[in-house]
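Be aware that the sequence shown starts at 0, since it is given in numbering that gives the first Met the number 0, and climbs by one per residue.
Backbone N, C-alpha and C define an ideal beta-carbon position, used for all residues, glycine too.
Just so it is clear, the structure is predicted and the values come from calculations on it, not from any experiment.
To start, the structure under review is shown below, and the notes come after it.
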Amino acid sequence: MSRTLIRGGLVITAADEVHADVLVEDEKVVALAAAGSTVAEGWTADTVIDATGKYVIPGGVDAHTHMELPFGGTFASDSFETGTRAAAWGGTTTIVDFAVQSVGESLRAGLDTWHAKAEGNCAVDYAFHMIVSDVNEHSLKEMDLLVDEGVTSFKLFMAYPGVFYSDDGRILRAMQRGAANGGLVMMHAENGIAIDVLVEQALAAGRTDPRYHGEVRRELLEAEATHRAIRLAEVAGAPLYVVHVSAEQAVAELATARDRGLNVFGETCPQYLFLSTDNLAEPDFEGAKYVCSTPLRPKEHQAALWKGLRTNDLQVVSTDHCPFCFVGQKELGRGDFSKIPNGLPGVENRMDLLHQAVVDGQISRRRWIEIACATPARMFGLYPRKGTIAPGADADIVIYDPGAEQVVSAATHHMNVDYSAYEGKRLRGKARTVMSRGTVVVDQDRYLGRAGHGRYQTRETCQYLV
Ligand SMILES: [Zn+2]
């Protein structure tokens, strides 16, 4: 047995901020004791980590990543190996990635494919949601089996006709199944049928630059789809989790539903909180770096997202990490914005960007941990193994220096992508030591982890229902 003692830090969870020493045995947290108490002073350990002046926080839980995702004729540029290593650098110790059912395939075949990609390659722990692209009698039955084995959430798309898209009838069937088996339906809420018409019209009129990606994917079509998804979930009697909410009007739909007492939840992402259509309009095709769906919105929407995070109308900040290199990948869409692969890198930056929001006064320290660690763990059935620091929890712990200064750059990041969406941005705060199940994987600018340390996590059903 190995014992590690983390001394002198401020332990921050979603619930508390306490000056406490943390005792780790092998892979688990076994005890916390008040700093300076006789209990804490009496502890001995093989390794003592001095956290004086630092925060001691749970490892981040990023509930929305797409490593190696096939999209638009290419693949997301981070493998499970490079992507989870970058996650570790940024203080994230669990990812929940999306396995994909292709049309005509079973859920099982898709899940097996994603297991094969991830197994033996991850630096930190990982789990899977299942993307359901083909709702039929067989895949509905498979949903029950997946819930039983710990894949307890299913993503459906109201966008991308011909690829991931499900019509309202299929969505309703999947939601009904979720209501019965406890699976949580996650929704990409954009009216893809209407968007495709606007795309065609824009291209025909010669509007081909990246910024038109933002213009055709109208806010109203996000709001409309969000509203429709909520109503379908209500008819099915199912809870609903809306991914990557970006428009103020969509937040309003969620707030209204929640005020009515529905189990409706919303996620947003750092790119919607820190970037805007100004980035999409950058000249010389640079705007392609910021093409993702839902798209970036005008700056005015950011205030509504921050407010939603404070009032709990939005519960989770995930990255939707889906990187494509500018050279050779984003460039596929030169002269036709609809051919730009959709997605941004971010798995390494999320914890730090949200800490900057603490520094800026947008959210409290505990809310930072809640939206980035505790709630994603609860939402997707990983709590309290993940998302908190408590006796019995996995020792996924970050020693975080709130005073460190860093400048985000592709020159220094660890994601396998040739640009940063936050290039040059100054941030206060940085993960100094990162522990995954009791093993130090990053320490003072040195990577000590290894591919294959990360372990697959089966999940309970949603622990966040009212
Ligand atoms: Zn996504």
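In this structure, the CA atom of PRO383 is about 10 Å from the CA atom of THR374. Short note on VAL241: C-beta not closer than 8 Å to any heavy atom of ligand 1. With distances taken between CA atoms, VAL123 lies nearest to VAL397 out of ASP359, LYS154, VAL397 and ARG366.
PRO209 sits buried, since 16 or more C-beta atoms from the chains shown fall within 10 Å of its C-beta. A Cβ-Cβ separation of about 23 Å leaves ILE229 out of contact with VAL215 under the 8 Å criterion. DSSP places THR432 in the uninterrupted beta strand (DSSP E) bounded by 425-435. With contacts defined as CB atoms closer than 9 Å, GLN175 and ALA235 qualify as a contacting pair. By the C-beta density criterion, GLY109 is buried, having at least 16 other C-beta atoms within 10 angstroms. In this model, LEU68 and SER78 are separated by some 9 Å (Cα to Cα).
Less than 9 Å divides the Cβ of ALA32 from the Cβ of ALA19. Within the same chain, PRO209, ARG210, GLY213, GLY286, TYR289 and LEU295 come within 6 Å of LEU279 by CB-CB distance, once the 5 residues on both sides are set aside.
Here GLY428 is not near VAL407, since their CB atoms are 9 Å or more apart. Taking a 10 Å sphere around the C-beta of LYS385, we find 16 or more other C-beta atoms and assign the residue as buried. Taken atom to atom, the span from the alpha-carbon of ALA410 to that of VAL416 is near 10 Å. Nearest Cα to PRO57 within the set HIS452, MET434, THR387 and GLU299: THR387.
At least one heavy atom of ligand 1 sits closer than 8 Å to the Cβ of PHE97. In this model, SER105 and TRP113 are separated by some 13 Å (Cα to Cα). Put simply, of ASN341, LEU231 and VAL10 the residue whose alpha carbon is nearest the alpha carbon of GLY168 is LEU231.
Residue environment for HIS354: buried (at least 16 other C-beta atoms within 10 angstroms of its C-beta).
A direct Cα-to-Cα measurement between GLU148 and THR457 gives close to 7 Å. LEU313 sits close to GLU266, with the two beta carbons spaced by under 9 Å. Taking the CA atoms as reference points, ASP133 sits about 45 Å from VAL23.
In the displayed model, LYS154 falls within a strand according to three-state DSSP. The Cβ atoms of LEU304 and TYR271 sit closer than 9 Å to each other. Per DSSP, the continuous beta strand (DSSP E) segment holding ARG6 begins and ends at 2-6.
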